[in-house]
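In this note's numbering, the protein residues as written are -13 to 304.
Ideal placement from N, C-alpha and C gives every residue a C-beta, glycine not left out.
In this text the structure is predicted, and so the values were computed from the model without any measurement.
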Amino acid sequence: MISLLKKGEIDGALVVRMSQKRPLEPEVFIARTEEELISAQQSKYLPVPMNLGLKEIIKDKNGKYAIVGLPCHFHGLRLVEKKNPNLKNKILLRIGLLCGFNPTLSSTKFLLRRAGVKNFEDVKEIKYRDGDWPCGFRAILKDGTDRFLYPIEQFLFSHYVFERHRCAMCLDHTCELADISVGDEWRAKLKKDAGGWSYLIVRTKIGKEIVEKFAKERLLYLEPIDSSVIYGGQYGSLNFKKKGSFAFAKIRRLFNKQVPDYLKNGKVKPKLAHYIGASLIYIMTTFFEIDFFNRLFLHVPTKIFTKYRWLVIRLFRN
């Protein structure tokens, strides 16, 4: 996007960074300089209201923009584009991020406490994916103290205990409505590469044109892979999205909770293992939103949470 911005092909990009005034909250904004784009790099593992930034794009009559978002953001965006063709014409490129689910703010507070932060008011900056790949959770305090949970396995389990219920009923892991989808390459044989690798899934004509142009200009280094390679690195989330979400929705309906229409009469018939896995996620995510339980499990060893995570993944394997 820096290249698109420098060449004048876009006037800005709708992205997100952590707020300087409120370090535990995301800030949606339109980046118009290279420095602003760089300030928005790295993942943010908490709810992000990207729709707030659309207002500025809609007001600009002649601008061209890029948008970086999650599957749910693009589900909403595509619906808005149907009703507002002018908005569709203003968006040159939609870059989608692979997303298993986005945890609640309670997850961030849990990680801060595990990192030894007692007072959230002391936090100056949060970085969810910092350092060498696969990165770690970093909290920088106002007194300069650096608290670091590394590697990501030290907190990756948190997604499975702080998942939002709506995320558990989303079928889209790979951002199928984007022009280009991007995500981490998680295969074990590449974990020693500190720089990390990313999947790049081209979905539209404009996405293909931009990727091919950047590759020709050597702004991108590309290696072709088969779709099975992506599944090999993302099977946990993909299996849950395409199988477990149906079981999760049926469990919610038992408690008279709302579920999306597309899950009410789905053709996918969950297996017993899927119901067990979905039940575990439902129970854990419900209890961990209660501050008492959040604190009660604060000092549970990471290996216990990791075993729980892998148990859930295996339940959706078949």
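With a threshold of 8 Å on Cβ separation, who are the neighbours of residue i within its own chain once the five nearest residues in sequence on each side are excluded?
| i | result |
| --- | --- |
| residue 238 | 151, 155, 244, 245, 268 |
| residue 110 | 9, 126, 127, 128 |
| residue 273 | 279 |
| residue 248 | 157 |
| residue 101 | 123, 125, 133, 134, 135 |
| residue 46 | -3, 76 |
| residue 138 | 115, 120, 121, 122, 123 |
Excluding the 5 residues preceding and the 5 following residue i in the sequence, name in chain order all residues of the same chain whose CB lies nearer than 6 Å to its CB.
| i | result |
| --- | --- |
| residue 226 | 302 |
| residue 134 | 122, 124 |
| residue 284 | 99 |
| residue 36 | 14, 55, 59 |
| residue 112 | 4, 9, 125 |
| residue 48 | none |
| residue 201 | 208 |
| residue 364 | Since the first residue shown for the chain is -13 and the last is 304, residue 364 is missing from the structure and cannot be characterised. |
Counting only the same chain and skipping the five closest in sequence on each side, list residues whose C-beta sits under 7 Å from that of residue i.
| i | result |
| --- | --- |
| residue 266 | 298 |
| residue 305 | Residue 305 falls outside the range modelled here, since the chain spans only -13 to 304, and no answer is possible. |
| residue 306 | With the chain covering only -13 through 304, there is no way to say anything about residue 306. |
| residue 39 | 0, 14, 15, 16 |
| residue 92 | 148, 274, 275, 280 |
| residue 42 | 16 |
| residue 164 | 60, 80, 81, 82, 189 |
| residue 25 | 3 |
| residue 64 | 163 |
Are the Cβ atoms of residue i and residue j separated by less than 9 Å?
| i | j | result |
| --- | --- | --- |
| residue 0 | residue 19 | no |
| residue 23 | residue 56 | no |
| residue 271 | residue 147 | yes |
| residue 157 | residue 213 | no |
| residue 50 | residue 69 | no |
| residue 31 | residue 144 | yes |
| residue 160 | residue 275 | no |
| residue 253 | residue 304 | no |
| residue 87 | residue 153 | yes |
| residue 170 | residue 182 | yes |
| residue 219 | residue 172 | yes |
| residue 217 | residue 208 | no |
Using CA atoms only, rank isn't needed, just tell me which of the options is closest to residue i.
| i | options | result |
| --- | --- | --- |
| residue 80 | 33, 279, 50, 54 | 54 |
| residue 85 | 304, 221, 281 | 221 |
| residue 162 | 229, 2, 193, 137 | 193 |
| residue 291 | 159, 300, 140 | 140 |
| residue 78 | -4, 229, 213 | -4 |
| residue 259 | 300, 296, 224 | 300 |
| residue 251 | 46, 236, 105, 76 | 236 |
| residue 33 | 26, 11, 44 | 11 |
| residue 233 | 255, 183, 242 | 255 |
| residue 3 | 294, 207, 114, 172 | 114 |
| residue 167 | 101, 43, 197 | 197 |
| residue 131 | 149, 137, 104 | 104 |
| residue -13 | 223, 142, 199 | 199 |
| residue -6 | 202, 106, 195, 52 | 52 |
| residue 229 | 44, 293, 261, 106 | 261 |
| residue 29 | 142, 211, 240 | 142 |
| residue 7 | 203, 106, 241 | 106 |
*Mind the definition here: the stretch 179 to 197 touches the stretch 122 to 129 only if three or more C-beta pairs lie below 8 Å; say whether that holds.*
Note that the stretch 179 to 197 does not touch the stretch 122 to 129; fewer than 3 beta-carbon pairs, one per stretch, sit closer than 8 Å.
*Write down every uninterrupted run of the beta strand (DSSP E) in the stretch 143 to 209 whose length is 3 residues or greater and which is fully enclosed by it, in chain order.*
If we require 3 residues or more, the beta strand (DSSP E) runs fully inside the stretch 143 to 209 come out as 166 to 170, 184 to 188.
*Given 8 Å, three or more beta-carbon pairs between the stretch 112 to 119 and the stretch 59 to 79*: Not touching, per the Cβ criterion.
*Mind listing, in chain order, the continuous alpha helix (DSSP H) runs of no fewer than 4 residues lying wholly within the stretch 31 to 89?*
Listed in chain order, they are 37 to 45, 57 to 69, 71 to 76.
_Sufficient close CB pairs (3 or more, under 8 Å) joining the stretch 246 to 265 to the stretch 275 to 286_ = At 8 Å Cβ cutoff, the stretches do not touch.
*Segments assigned alpha helix (DSSP H), at least 4 residues, entirely inside the stretch 254 to 299*: Fully enclosed alpha helix (DSSP H) runs of 4 or longer: 258 to 273, 277 to 282.
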